[in-house]
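Colleague: Sequences listed follow chains S and L, in order. Heads up: the first sequence begins at 12 in my numbering, then just goes up one per residue. Heads up: the second sequence begins at 223 in my numbering, then just goes up one per residue. Take this structure first; my questions come after.
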Amino acid sequence: MQRLIDDAFLRQLSRLRFITKGRRHGRLSGTHTSPRAGVSLEFADYRPYTPGDDFRYVDWNVYGRLDRVLVKRFVHESDLPIYLVVDFSASMGLGSPTKAFYAARLAAALAYLGLRGLDRVGVYPFRDALEPSSVPPRHGMRQMGHILRTLGDLRPAGETSIDRAVSDLLARTRESGLVVLVSDFLSENGYRDGIARLRHRKDDVIAIQILDPAEIRPTGTGTTELVDVESKRQTVLTVGRSTLAAYVDRLGRHQDELRRFLLERGIPYVLGTTDRPVERLIHEDLRRGGVLR
Amino acid sequence: MTFLSPSALYFALAAGIVVLLALFRTKERRREVSALFLWEGLREDPRTRAARRRIPFDLLLLLQIATVLALALALARPAIRTRASSLSALAIVVDGSASMSTWINERETRYAAAIEEASRLVASHRGARTSILQLSSTPAILFAGDRSGNPSIALSESSPTASADGTLDDLIAILGSVGGAAAFERVVFVSDHPLPEVPAWLETAVIVGGRNASIDAFSARENPNGPGVLVFIRTTNHTAESISGRVRIDDGSSEVSLSVFLQPGASEAYVLPFPTTRATTFTATLEPSDDFLADNVRHFALKRPIDLRIHWIGTPNRYLLAALEAAIPVSIVDTPDDANLTVVYGTTVPGNLTGNLLLVHGDMPGVVRIGADVAAGDVLALAPDHPLLAGVRADALRVASIPAIETIAPGTVVLAAEETPLLVEFDAPDRTITFVAPDLLATNLPITVDFPILIRNLAARLVRIPAPLSHGWSLVGEPIPFESEGERVDAIVAPAGRSIDVADALATFTPRQAGIYRVVSSRGTYPLAVNVSPSESATVGTEAVPLDAHAAASSTRLHDVWWILAVTAAILLAAEACVRARRASATGGTT
């Protein structure tokens, strides 16, 4: 099997890091600003001295000028739990390379970025629910090995349910964080409820849609037996140019609906096609979409 | 343009299969999709639906059809005819089949006329490289285009065969052995009838003449209801006049005949009893003879041994042996396995003995048991019409003593002395068992004139092999397969008495003349009748076509251009592969 990431690919990612909105609550020190004041180089505010405060944080200059004893407060930099939620349903098995491989490669790259930024990163593959092989968020590059093994072992199968997968995620994780949802979003079962619940928990959500070029611009005419790879439902259709145009139109409406839903909730949306190198998706599209800097 | 192998054009029908496969593939296309709900309910394209009923325009399909058509054309070996300044290569194919022996007038046969025609052609193209071929079912090269030789001498020294007509495939094959049709500017066929399928590159001259009536079918079988055989014969009158004649059937020592009257173009079939014959081979002759003699005489042979290999057990008896030798060639063998008849005289038959048996004055366990000799009464013929008694007068026989018969199996009692069975033929499947009760020395049989006749009848019964109801003829020029299981052919004796050397493991034999052959094999000596093919009888009535009618087209040359089409097919195939590869890469894994 083709390797998900290699050294050359990792070198290209060295200068990137995640952008989070606002200040995050975290358990450990990290590189993301926290609403809690703490110890760091970034000045935050003053407050009046109270007994017990560390004398080292008394601002003696202010005391000299204003004759008031004030203590300096600094921004507390906390770590960020990053949940990489990756779709491995049967529909992700289509395309060349498959959408699942593309998604796994992207997730591996994002996991590396997170771990390198001292964040806790976990991977949660899902089909119609979260897979048991999920890797909970942890620090350190040893976590990268677990993540790569999990992503490399999974094969696309079964039906998709983003809503149920997100419900499982919320049940398993108490801490809000950055949820990167990688899927083709071509599920009849919907995605609205799940994403809405994530936002309700104050999670930062990034939606990355992976599609194959043949799904965006299908070719081939004639009488065709169309088979849904997930539900195995079939229909026979005489496909002509007008049918293909109608399909493209319907897919466009589906995409518009998805984008509008995400925009209304302030969720960045990035579309990745399997014919576009993952490197370019990360360096160009994710940076342009405000996900990385 | 003409085609040297036009039958290969049938290969073009494979293009239809390609179209059918394309239609089938169009109907059965299958595509896996991620989200069927995006496709469901879409309006079908009416133009595409209409196109489904006709063959879709598809570059791939067009290339495939073009490839198949190019291959078919290449296999058909197209040749283009170009003008040549002078004739440099000429092939003359003379029909050498049996019908060319037909006399067209008092001086010459069709073959002689054909040779004359061919010689004129050779003379008119002096200097050209000329090949002379003889076409029949056994084709031959008479002169292979050697410039130093003289084709006219090869023509004059040749003679027709007794073989059947050659086919177009035979003609193409023998032309191939001298360079192929394309190597000659003219290929001329001189015959008494044109080929059923005449390619454009072949000129045909037809020579006609002669009257003919023929025996088309002739066979015999042993008469199931009486002595001798039944003869089946069919005659045909190929002329435009009625013929009154006679058919004679000769077995070498006696003959039967019948008068025939044949209407113009009519066939008549007859069944004729031949009760007096005990022969194995027969010859039918239609009289009066006509201009094609080969089909006026036909031969037939019952496939049964014409010699007797005897294994003798018990008391020697010179009278019996002498009578057997007078009836049929006899040889004495040491073991019963090599014999086709075992004679047991004055003793008990061994229990494991198989095959045909003549038992004289002895016992056979389970079949007959004799007691002491007693005085015998008058001899009576209980089955006077039995084949054993054909030509025998039973009332002349006298028997002094005969053994009492204690037990006897079912069978036909042919002769009896008073009430004691004297001559019995037992019912036995797959073998013949004949029982003579008295010692021959206690009878007057050895000194009667009927004794050799009785023994000849006996020998004929003992070595008979049931003949099939119908027989296929063995034909001149056609290989005759021998039975492969355990049969070893030692020699074949031709009708003229000449012995033909055979290879160690002879599987087939191709006769070159009609008549009765003798095959000497490990299973004995048996006759083989060979006739001229009956298809040779029907070549009258064809219109004559003189060779001069084709002379105007003489100065042209055929060029075989199959390779151009073969290269075209290869290019089309490569283009098809490219288009297919591009489509595969364009559609990816979703189609």
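Every residue gets a Cβ at the ideal spot worked out from N, C-alpha and C, and that includes glycine.
1) Check the Cβ of Val241/L against every Cβ in chain C and list those closer than 7 Å, keeping chain order.
2) Under 8 Å, Cβ to Cβ, is there at least one residue of chain L near Arg35/S?
3) Among the candidates Ile287/L, Ala298/L, Ser374/L and Ile437/L, whose CA atom is the shortest distance from the CA of Ala313/L?
4) Taking Cβ-Cβ distances shorter than 7 Å, what residues in chain S pair up with Ser256/L?
5) Which residue marks the beginning of the alpha helix (DSSP H) containing Tyr74/S, and which one marks its end?
6) Here's a check: name, in chain order, each residue in its chain whose Cβ is nearer than 6 Å to the Cβ of Glu186/S, leaving out the five neighbours to either side.
7) Which residues mark the beginning and the end of the alpha helix (DSSP H) in which Asp260/S is found?
8) Going along chain L in order, which residues have a C-beta closer than 9 Å to the C-beta of Tyr113/S?
9) Taking a contact to mean a Cβ-Cβ separation below 8 Å, would you say Gly169/S touches Gln220/S in this structure?
10) Ignoring anything shorter than 4 residues or poking outside the segment 533-620 of chain L, list the alpha helix (DSSP H) runs there in chain order.
11) Does chain L have any CB closer than 8 Å to the CB of Ser40/S?
12) Buried or exposed, going by whether 16 or more other CB atoms sit within 10 Å of the CB of Phe483/L?
13) What's the gap between the Cα of Ile687/L and the Cα of Ser441/L?
14) Please report the straight-line C-alpha distance between Ala311/L and Trp423/L, rounded to a whole angstrom.
15) From the DSSP output, in three-state form, read off Pro690/L for me.
16) Using DSSP with H/G/I as helix, E/B as strand and the rest coil, what is Asn459/L?
17) Taking one C-beta from the segment 194-204 of chain S and one from the segment 116-134 of chain S each time, how about it: are there three or more such pairs within less than 8 Å?
18) Does Ser253/S have its Cβ less than 8 Å from a Cβ in chain L?
19) So, at 8 Å on beta carbons, what are the nonlocal neighbours of Asp560/L in its own chain, with the 5 sequence-adjacent residues on each side left out?
20) Three-state secondary structure (DSSP) at Glu170/S?
21) Let me confirm a value: Thr426/L is counted as buried when at least 16 other C-beta atoms fall within 10 Å, else exposed. Which label applies?
22) Which bits of chain S does Asp267/L rub up against, with CB to CB less than 7 Å?
23) Over what stretch of residues does the alpha helix (DSSP H) that includes His294/S continue unbroken?
24) Buried or exposed: Gly201/S, going by 16 or more other Cβ atoms within 10 Å of its Cβ?
25) Distance cutoff 8 Å, beta carbons only. Does Glu355/S sit that close to anything in chain L?
26) For Arg670/L, which residues of its own chain have a beta-carbon under 8 Å away from its beta-carbon, when the five flanking residues on both sides are left out?
27) What does Thr184/S touch in chain L if you count any residue whose Cβ is under 9 Å from its own?
28) Which term fits Lys110/S, buried or exposed, when burial requires 16 or more other beta carbons within 10 angstroms of its beta carbon?
29) Going along chain S, which residues have a C-beta under 7 Å from Glu262/L?
30) Excluding the five sequence neighbours on either side, which residues of its own chain have a C-beta within less than 7 Å of the C-beta of Ser743/L, listed in chain order?
31) Below 8 Å on the Cβ atoms is my contact criterion, and I expect Ala718/L with Ile738/L to pass it. Report the Cβ-Cβ distance as a whole number of Å.
32) Using beta carbons (cut-off 8 Å, strictly below), is Arg408/L in contact with chain S?
33) Out of Ile630/L, Ser755/L and Ala491/L, state which residue places its alpha-carbon closest to the alpha-carbon of Leu644/L.
34) Anyone know if the C-beta pair for Asn459/L and Ala491/L falls short of 8 Å?
35) Give the interface partners of Tyr258/S over in chain L, defined as CB-CB distance under 7 Å, in chain order.
36) Check whether the Cβ of Asp65/S lies closer than 8 Å to any Cβ atom in chain L.
Modeller: According to the structure data:
1) In the displayed structure, chain C is absent; the protein chains listed are S and L.
2) Here residue 35/S refers to the residue found at position 24 when the first sequence is read from its first residue. Confidence in Arg35/S is poor, its pLDDT being 49 and thus under 50, which makes the residue's placement too unreliable to answer from.
3) Mapped onto the second sequence, residue 313/L falls at position 91. Here the closest residue by C-alpha is Ser374/L.
4) As a working note, residue 256/L is residue 34 in the second sequence. Under the 7 Å cutoff, chain S gives Ser102, Leu105, Asp195, Leu197, Glu226 and Val240.
5) Numbered from its first residue, the first sequence carries residue 74/S at position 63. Unbroken alpha helix (DSSP H) run through Tyr74/S: Trp71 to Leu77.
6) The sequence position of residue 186/S within the first sequence is 175, counting from 1. Counting only Cβ-Cβ distances below 6 Å, and skipping sequence neighbours, we find Pro92.
7) Position 249 of the first sequence holds residue 260/S. Arg252 to Glu275 is the span of the alpha helix (DSSP H), which, as asked, contains Asp260/S.
8) Counting from 1 along the first sequence, the entry for residue 113/S is found at position 102. Near Tyr113/S there are no residues of chain L at all, since even the closest Cβ is about 13 Å away, more than 9 Å.
9) For the purposes of this step, residue 169/S is taken as residue 158 along the first sequence, with counting starting at 1. For the purposes of this step, residue 220/S is taken as residue 209 along the first sequence, with counting starting at 1. No. Outside cutoff.
10) 540-549
11) As a working note, residue 40/S is residue 29 in the first sequence. Caution applies to Ser40/S, whose pLDDT of 47 falls short of 50 and renders its modelled position unreliable; the model cannot decide the point.
12) For the purposes of this step, residue 483/L is identified with residue 261 of the second sequence, where counting begins at 1. When all chains shown are included, Phe483/L counts as exposed.
13) For the purposes of this step, residue 687/L is identified with residue 465 of the second sequence, where counting begins at 1. For the purposes of this step, residue 441/L is identified with residue 219 of the second sequence, where counting begins at 1. For Ile687/L, the predicted model reports a pLDDT of 48, less than 50, meaning its position is unreliable; a value from the coordinates is still stated below. Going by the C-alpha atoms only, they are around 16 Å apart.
14) One-based indexing of the second sequence puts residue 311/L at position 89. One-based indexing of the second sequence puts residue 423/L at position 201. Taking the straight line joining both Cα atoms gives about 14 Å.
15) Residue numbering aside, residue 690/L sits at position 468 when the second sequence is read from its first letter. With a pLDDT of 42 at Pro690/L, under the threshold of 50, the modelled position of that residue is not reliable, and the figure given next carries that caveat. Of the three classes helix, strand and coil, the one that applies to Pro690/L here is coil, per DSSP.
16) By one-based count along the second sequence, residue 459/L stands at place 237. Residue state, collapsed to three classes: strand.
17) no
18) If you number the first sequence from 1, residue 253/S lands on position 242. Yes, Ser253/S counts as interfacial toward chain L.
19) Here the question's residue 560/L lines up with position 338 in the second sequence. Hits under 8 Å: Arg531 and His533.
20) Mapped onto the first sequence, residue 170/S falls at position 159. Three-state result, Glu170/S: coil.
21) Along the second sequence, one-based indexing puts residue 426/L at 204. Thr426/L is buried by the Cβ-count criterion.
22) Residue 267/L sits at position 45 when you count from the first residue of the second sequence. Going along chain S in sequence order, the residues near Asp267/L (Cβ under 7 Å) are Thr249, Val250, Gly251, Arg252, Ser253 and Thr254.
23) Walking along the first sequence from the start, residue 294/S turns up at place 283. His294/S -> no alpha helix (DSSP H), and no H or E assigned at all.
24) Looking up residue 201/S in the first sequence gives position 190. The residue is exposed, with fewer than 16 neighbouring Cβ atoms inside 10 Å.
25) In the structure displayed, chain S extends from 12 to 304; residue 355/S sits before or after that span and is not available.
26) Mapped onto the second sequence, residue 670/L falls at position 448. Arg is not the amino acid found at residue 670/L; the sequence shown has Thr there. Taken in chain order, the residues that qualify are Ala618 and Leu619.
27) Here residue 184/S refers to the residue found at position 173 of the first sequence. By Cβ distance, chain L contributes nothing, its closest Cβ being about 28 Å from Thr184/S, past 9 Å.
28) Locating residue 110/S in the first sequence gives position 99, where the first residue counts as 1. Buried.
29) As a position in the second sequence, residue 262/L is number 40, starting the count at 1. Correct list: Thr246.
30) On the second sequence, position 521 is the one that residue 743/L refers to. Glu709, Arg710, Val711 and Asp712, listed in sequence order.
31) Residue 718/L sits at position 496 when you count from the first residue of the second sequence. Residue 738/L sits at position 516 when you count from the first residue of the second sequence. Ala718/L to Ile738/L, Cβ: 11 Å. No contact.
32) Taking the second sequence and counting its residues from 1, one reaches residue 408/L at position 186. No - not a single Cβ of chain S is within 8 Å of the one on Arg408/L.
33) Here residue 644/L is taken as the residue at index 422 of the second sequence, counted from 1. Nearest option by C-alpha distance: Ile630/L.
34) Residue mapping note: residue 459/L aligns to position 237 of the second sequence, counting from 1. Residue mapping note: residue 491/L aligns to position 269 of the second sequence, counting from 1. No.
35) Within the first sequence, numbered from 1, the residue matching residue 258/S stands at position 247. The contacting residues are Leu260, Trp261 and Leu264.
36) For the purposes of this step, residue 65/S is taken as the residue at position 54 of the first sequence. Output row for Asp65/S: interface = no.
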